[in-house]
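Novice:
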Amino acid sequence: MSINSLLWLIPVPPLVGFILIALIAYRSNRASHSIALLGAGLSFLASMAVVIKAVATHDLGSDPFTSSINWLPTGATWLRIGVLADPLTTVMLFFVAITILMIFIYSIGYHNYGQPVGKHDRPGLPPEGAEVTEHGKVHKVPSIEPMYAKFFALLSLFAFAMYLLVVSDSLLMLYIGWEIMGFCSYFLIGFWYGKESARKAGIKAFITTRIGDVFMLLGMVALYSATGTLNFHDIFSNHETMEMLAGTVSPVFGWNWSTLIGILLFCGTIGKSAQFPLHVWLPDAMEGPTPVSAMIHAATMVSAGVYMSIRVFPIMSAGWEPGGALTTPMVVMAAIGTFTALFTSTIALAQNDIKRVLAYSTISQLGYMLAALGIGAYVAAVFHLMTHAFFKALLFLASGSVIHGMEHGVLHTGKHIDPQDMRNMGGLRKKMPATFWTFLAGGLALSGFPIITAGFWSKDEILSGAFASHQVLIFVVLAVSALFTAFYTARQLTLVFLGNPRTTAAEHASESKKVMTLPLVVLSIFAIAIGWVGIPKAFPVLGKLSPAWFQDFVGSMLAYEVHEEAHSYIPLLVSILVSLGGLLLGWLVYRKYNTAEERDPLHKSLGGVFTFLQNKYKVDELYQKVFIDPSLWIADKVVYQFLDLKIIDGFLHGVAAISVWLGNLLRYKFDVPVVNGGGDGLAKTTRGTGWLLHKQQTGKVQQYLTISIGITVIAGLIILMLVISV
Amino acid sequence: MNFLTDHLLTWILFIPTVGAALLLFVPGGKVKFIRIASLVISVLPLLLTLYLWSLYQSPDQAGTFRFEENYPWFTAINSSYHLGIDGVSLAMLLLTTILTPLAILTSFNIKERVKAFMILFLVLETGMLGVFMALDLLLFFVFWEIGLVPMYFLINQWGGEKRNYASLKFILFTMGGSLGLLLAIQMIGVISGTFDLVTITQSWPALNEGVMFGIPVATVKAVAFWAFIIAFAIKVPVWPFHTWLPDAHTEAPTGGSMILAGVLLKLGAYGFIRLVLPLFPQESARFAGWLAALATAAIVFGALAAAAQKDFKRLVAYSSINHMGFVVLGIAAAAWAAASTNPAIRESAVIALNGSVLQMFNHGLSAAGMFFLVGVIYDRAHTRKLEDFGGLYAILPIYGSILIFTSMASLGLPGLNGFVSEFMIVRGVWPIFTLWIALGMIGLLFTGVYVLKALTLTLHGPLNEKWSGKLSEINLRELWVIVPLMVLMLSIGLWPSWILNLINSTVMTWF
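Protein chains in written order, with the numbering used here: chain A, 1 to 726; chain B, 727 to 1237.
This is the structure we're talking about:
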């Protein structure tokens, strides 16, 4: 089979899986997850085939695999959709396929396949556990998710949308996948819809990202109007088009078209990748089951936002030369990315929920990528996107395993404590060794532990990129955020795994099943090793051995040559220092934290600032007061109650009242005395056909028909009279 | 066979009326027979329309209008029975003939005076079909009015609590528009000496000088133009002529709401496309900006008002205003672009108008589907108040999934039909009315708000215990109504060209 047809087929198996589960297989849990796994597995194999072929192909950047078909007729022309495999697609396919497959496998264990059905469980609520009798003793064990099949159906649909987005050759099909993913995330975040918090979180995610999406839609149609196509390759490889976009002034703010389109499209990324100021949805999205968090918030959906910006980078950077002044969209991107990286890493310092820490860390890391892209460090952004997908998916899945172990302890002890609160944990490394070691690998990668972890190489690449392009402010801010990152990671590792158990639930926590820990092991291999494909040539000692394959491969996407800047030791030393320093500091501060009731050590030293961080700078409350409440008030009180009911209907009722009054006047002052009741039709007619017809409503169909036909005939007669009289 | 193919339009048009006349002779007590018979009668036009569609592609049907039938009717005033269709009207015929049987199937739950109900429904179908086929102004008007009267009775007799108010408002509002329409048609007919649309389309726009009834022709034309605009704007409805809609839609019986939202609103938009644009190209181009502004107001205010509703059906009703706003915005852009010679602008106009017609079709499917689904839950719970529901997904999983599917089509989720047409309209309007379409995005955002509000309050959240064990799952008859609609929504979303080719082939000849 040719690579082009294989590309078309990649998204298909999960879609078929979704349809099969939704229509037929949903009655059987085993059939449902088998179909879902088969779908994800087939897509994985097809993706890997494409990746292997693509890696071996020369000049893939300038001459990618591509194929397209007519989709939408637009007058004499067509809007086409199609598939594309260039180096960027290849990288995306690689990590998306692996992480999706791992998440699918993990979900089987996470949703307690093979466990008994809980007596009180019902759809829309997390399973509460079932009672089993063993050796004459009754004890509680985890129970299977009541909507097990539905979960796999939605997960399959999600995977389909992500694959569709990745293989798309145009912004249109990308947007289709993008929106379907948005819908799935709404649904999966609100998976346990019976919980008030989950249903709110789903809506919040959907609406917040939709704010970005409507701007993105405008950017898309602006691009389409200006160039006549949405195909990436057609636009970017056409020098005339690119010069036109960079050189023609648009009607908005005197920006040229590439600036306007770039910024509008970037708004989509802000929403999808949860960048400030639209970052608020992602932490709440932790309401969803943990595999969902891994899928949406680490491996795929939020990556899609960054991916889109990387994809359209040629437009954002139109007119920019490496080393020259940044274009407006690049400045915006760098500013938002850098600010978000710092802003959310500070919030992560003060969170107690194990998943929320990771959520804020995700936002912060995505900020890194956008900051890198904003200063033109294209390859570094792609590199970090890939390594982050691996280690963050790992961290989320491992945190799910921790929660699972804790839930086990909670069921065992019967004490209702929050199994996600890190203060209730402690000492889990002995109870859950596989989870501990894999979590550690992910945590170290996140904090950029030198040399051995993937996160180090990609983060170092970003920091040295910022340093080399003389963006001192960005460099400093990113370095500080890296310090915070290492600090909160150490805090998390220490609170969860080190020391002694702080609750009885933690004492009775147990390691998860193989079906959950195996994906962790696979992902942790990538979290460690994947960075080695991109060791820069200029790196001391190791650089001599490295082919710097990644830089060459992805760099071939760019229209310009990437100059290896003279390697400076400053960013390297800084990144080692912040990583190790942050980890050490975090461990020192939290290793003495012994009881769950104790105040957080940072709380003691920071006081009110800590509470402010814990409350996420009160952004949610601000948005509620400034945007949400007023717009709902306007919708209800102004548009509906005032405009529609008072003004428009009020006017109509006024007209009606006047007609009735006139009618009565004519009737009693003119008709009755003058014509002597001869023709009181006028008043009645104005009073309303309804009143008249009311009398006719005897329910006899013949009467209705007579009236219908009668009215038609009368209308015809009136016409005739009018015409003849003229 | 020739007799059938030569008069195919007439067959499609009058089968429902003839069927209704035959039903008159059936005793009213034979409810079951009447229901089945009406369903069968309403399926016949659908089959013939599909046949029509298959013939439409053939090369010997060339020309602007196809399947024309032209016979003298009111010879005294030169009005004729002139029918004919192009791609746009064929799309609308398809919509009408698809929705009518489904609405009749829905109305199998009507228990009182079934015979009268079904007869009115069939007469209504003839009225709607006639509007989409008529190529004579007077004929157009007659069918326009025929569509109005049965709907009045459907609301007034089988409607909800406030049916008297709603039906009166509906008929007076629409009649108000019709009055101007009638007068304008008279003027055009008298001046042109004929009511034939094809002839008038050639002579009327060129008529710019001279005096009529002592008034300059330009003024007369302006008056006629505004009369048309107001009549159609009420029907669509364009803001601020829209307040009859929430009342009428909410109070109508489910089948009536499906047709009202699915087809009757399209009559207004169709009037813009068939009459206003060809007859008044200069005036349309001049006032297109105003129309665009009102359409944007409909998009934004419609969505905001929908988000403020507490009654499920009223919320869906307001969503129609929001969606039809996009239709009118696309039409306004096309009206503006007709005066332009810039090929890029004219291409945008084709895309916008394609989008508008497709949006008419799409809204017909999704609005009918939404009203139907509201009806399903109302039949069981006897309430439409959103806050009375909650957590129903746990007890109605199939219904819930269908509701989510249809809501997403209405919301414009890519992969389903609504997205394709909205995307085309946004694309087509962008270079022409950039500001208006940008403001329209507020409406698009709030579409998300109200759709999710409806879903959330009915399906999600903690289960309202009073429904536990009380509500039954959607039944087989109801599935027969909604599944065809879902298949259509999905097929247009995935592969829009099957219907869009039909529309595009006609629209591109106008620019």
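Glycine is no exception: its CB is placed at the ideal position from the N, C-alpha and C atoms.
Please compile the residues from chain A whose C-beta is within a distance smaller than 8 Å of the C-beta of V744(B).
Specialist: Your numbering for residue 744(B) matches position 18 in the second sequence. Chain A residues near V744(B): none, gap ~13 Å exceeds 8 Å.
Novice: Are the C-beta of L855(B) and some C-beta of chain A separated by less than 8 Å?
Specialist: In the second sequence, counting from the first residue as 1, residue 855(B) sits at position 129. Chain A contact via Cβ: absent.
Novice: Using DSSP with H/G/I as helix, E/B as strand and the rest coil, what is T57(A)?
Specialist: Taking the first sequence and counting its residues from 1, one reaches residue 57(A) at position 57. Three-state result, T57(A): coil.
Novice: What are the boundary residues of the beta strand (DSSP E) that includes T77(A)?
Specialist: Here residue 77(A) refers to the residue found at position 77 of the first sequence. Looking at the DSSP string, the run of the beta strand (DSSP E) that includes T77(A) is T77 to A85.
Novice: Which full runs of the alpha helix (DSSP H) of 4+ residues lie inside the segment 844 to 930 of chain B, going along the chain?
Specialist: You should have 863 to 884, 889 to 918 and 923 to 929.
Novice: H233(A) by DSSP, collapsed to three states: which one?
Specialist: In the first sequence, residue 233(A) corresponds to position 233, counting from 1. Helix at H233(A).
Novice: Please state whether the Cβ-Cβ distance between V849(B) and A746(B) is less than 8 Å.
Specialist: In the second sequence, the residue the question calls residue 849(B) occupies position 123. In the second sequence, the residue the question calls residue 746(B) occupies position 20. Going by C-beta atoms, V849(B) is nearer than 8 Å to A746(B).
Novice: Report yes if the C-beta of L821(B) is less than 7 Å from at least one heavy atom of the ligand SAH; otherwise report no.
Specialist: Looking at this structure, you won't find the ligand SAH or any other ligand, since it has none at all.
Novice: Which value, in whole angstroms, describes the spacing of the CA atoms of L342(A) and M1150(B)?
Specialist: As a first step, residue 342(A) must be located in the first sequence, where it is residue number 342. As a first step, residue 1150(B) must be located in the second sequence, where it is residue number 424. About 40 Å.
Novice: In chain order, what residues of the same chain lie with their CB nearer than 6 Å to the CB of I757(A), ignoring the 5 residues before and after it?
Specialist: Outside the shown range of chain A (1 to 726) lies residue 757(A), about which nothing can therefore be said.
Novice: Is F729(B) buried or exposed, if buried means 16 or more other CB atoms sit within 10 Å of its CB?
Specialist: Within the second sequence, residue 729(B) is the residue found at index 3, counting from 1. So F729(B) ends up on the exposed side.
Novice: Could you tell me how far apart the beta carbons of Y488(A) and V626(A) are, in whole angstroms, since I believe they sit closer than 8 Å?
Specialist: Mapped onto the first sequence, residue 488(A) falls at position 488. Mapped onto the first sequence, residue 626(A) falls at position 626. So it is not a contact: roughly 29 Å between Cβ atoms.
Novice: The segment 112 to 125 of chain A: which residues have C-beta closer than 8 Å to a C-beta of chain B, in chain order?
Specialist: Those residues of the segment 112 to 125 of chain A that come within reach of chain B (Cβ to Cβ, closer than 8 Å) are R122, P123 and G124.
Novice: Please report how far the alpha carbon of A978(B) lies from the alpha carbon of A1094(B), in whole angstroms.
Specialist: In the second sequence, counting from the first residue as 1, residue 978(B) sits at position 252. In the second sequence, counting from the first residue as 1, residue 1094(B) sits at position 368. Each residue's alpha carbon lies about 13 Å from the other.
Novice: So which residues on chain A does F733(B) lean against when the C-beta distance must stay under 9 Å?
Specialist: The residue given as residue 733(B) occupies position 7 in the second sequence. The question names Phe, but residue 733(B) in the sequence shown is His. Per Cβ cutoff of 9 Å: no residues; H733(B) is ~22 Å from chain A at best.
Novice: Using 8 Å for Cβ pairs, my map puts V306(A) next to M369(A). What's the rounded Cβ distance?
Specialist: One-based indexing of the first sequence puts residue 306(A) at position 306. One-based indexing of the first sequence puts residue 369(A) at position 369. V306(A) to M369(A), Cβ: 5 Å. Contact.
Novice: Spatial neighbours of L1017(B) within its chain, please: CB distance less than 6 Å, with the 5 preceding and 5 following residues excluded, ordered by chain position.
Specialist: The residue given as residue 1017(B) occupies position 291 in the second sequence. Answer for L1017(B): A1058, listed in chain order.
Novice: Along the chain, where does the beta strand (DSSP E) that runs through W799(B) open and close?
Specialist: Taking the first residue of the second sequence as 1, we reach residue 799(B) at position 73. Element bounds for W799(B): R792 to F800.
Novice: Decide if I658(A) is buried, meaning its Cβ has at least 16 other Cβ atoms within 10 Å, or exposed.
Specialist: Stepping through the first sequence from its first residue, residue 658(A) is reached at position 658. Under this definition I658(A) is an exposed residue.
Novice: CB-CB under 7 Å to I1124(B), same chain, minus the five flanking residues each way: which ones, in chain order?
Specialist: The count along the second sequence starts at 1 and reaches residue 1124(B) at position 398. The answer, listed in chain order, is E1199 and I1200.
Novice: Quick one: Cα of D812(B) to Cα of G1015(B), how far?
Specialist: Start at 1 with the first residue of the second sequence, and residue 812(B) comes out as number 86. Start at 1 with the first residue of the second sequence, and residue 1015(B) comes out as number 289. If I take the Cα positions, the gap works out to 28 Å.
Novice: Nearest chain B C-beta to E196(A) closer than 8 Å, yes or no?
Specialist: The count along the first sequence starts at 1 and reaches residue 196(A) at position 196. Chain B, which has a Cβ nearer than 8 Å to the Cβ of E196(A), makes this yes.
Novice: Helix, strand or coil: how does DSSP classify P1140(B) here?
Specialist: Within the second sequence, residue 1140(B) is the residue found at index 414, counting from 1. Strand, per DSSP.
Novice: Do you know whose CA, among W1221(B), I767(B) and L809(B), lies nearest G1141(B)'s CA?
Specialist: Counted from its first residue, the second sequence places residue 1141(B) at position 415. It is W1221(B) whose Cα lies nearest to the Cα of G1141(B).
Novice: Tell me whether the beta-carbon of P146(A) lies closer than 8 Å to the beta-carbon of D169(A).
Specialist: What you label residue 146(A) is simply residue 146 of the first sequence in a count that begins at 1. What you label residue 169(A) is simply residue 169 of the first sequence in a count that begins at 1. No. Outside cutoff.
Novice: Residues of chain B with CB under 8 Å from S764(A), in chain order?
Specialist: This structure leaves residue 764(A) out entirely; chain A is present only between 1 and 726.
Novice: Strictly under 8 Å for the Cβ-Cβ distance: is P1157(B) near chain A by that measure?
Specialist: For the purposes of this step, residue 1157(B) is identified with residue 431 of the second sequence, where counting begins at 1. Yes, because at least one Cβ of chain A sits closer than 8 Å to the Cβ of P1157(B).
Novice: Can you tell me where the beta strand (DSSP E) with G71(A) in it begins and where it stops?
Specialist: Here residue 71(A) refers to the residue found at position 71 when the first sequence is read from its first residue. Residue identity check: residue 71(A) is Trp in the sequence provided, not Gly. Taken as a continuous stretch (DSSP letters only), the beta strand (DSSP E) holding W71(A) covers F65 to T74.
Novice: Enumerate in chain order the residues of its own chain whose CB-to-CB distance from A950(B) is below 7 Å, with the five nearest sequence positions on each side excluded.
Specialist: For this step, residue 950(B) is matched to residue 224 along the second sequence. These residues qualify, in order along the chain: A910, M913 and I914.
Novice: Give me the DSSP bridge partner(s) of L542(A).
Specialist: Within the first sequence, numbered from 1, the residue matching residue 542(A) stands at position 542. Paired residues: none, contrary to the question.
Novice: Taking 8 Å as the threshold (beta carbon to beta carbon), is Y1125(B) in contact with chain A?
Specialist: Counting from 1 along the second sequence, the entry for residue 1125(B) is found at position 399. By this cut-off, Y1125(B) is not an interface position.
Novice: Quick check on the DSSP output: the beta strand (DSSP E) that includes V132(A) runs from which residue to which?
Specialist: Looking up residue 132(A) in the first sequence gives position 132. Looking at the DSSP string, the run of the beta strand (DSSP E) that includes V132(A) is A130 to E134.
Novice: What residues in the segment 833 to 856 of chain B have a beta carbon less than 7 Å from any beta carbon of chain A?
Specialist: Per Cβ criterion, the list reads R839, K841, A842, I845, L846 and V849.
Novice: Could you check the C-alpha separation between F1145(B) and F449(A) for me, to the nearest Å?
Specialist: Residue 1145(B) sits at position 419 when you count from the first residue of the second sequence. Residue 449(A) sits at position 449 when you count from the first residue of the first sequence. F1145(B) and F449(A): Cα-Cα distance of roughly 46 Å.
Novice: For I926(B), count the other beta carbons within 10 Å of its own beta carbon; 16 or more makes it buried, fewer makes it exposed. Which is it?
Specialist: Translated into positions along the second sequence, residue 926(B) becomes position 200. It counts as buried.
Novice: In the DSSP assignment, what are the bridge partners of V1111(B)?
Specialist: The residue labelled residue 1111(B) in the question sits at position 385 within the second sequence. In the sequence as displayed, the identity of residue 1111(B) is Lys instead of Val. DSSP lists D1037(B) as partners of K1111(B).
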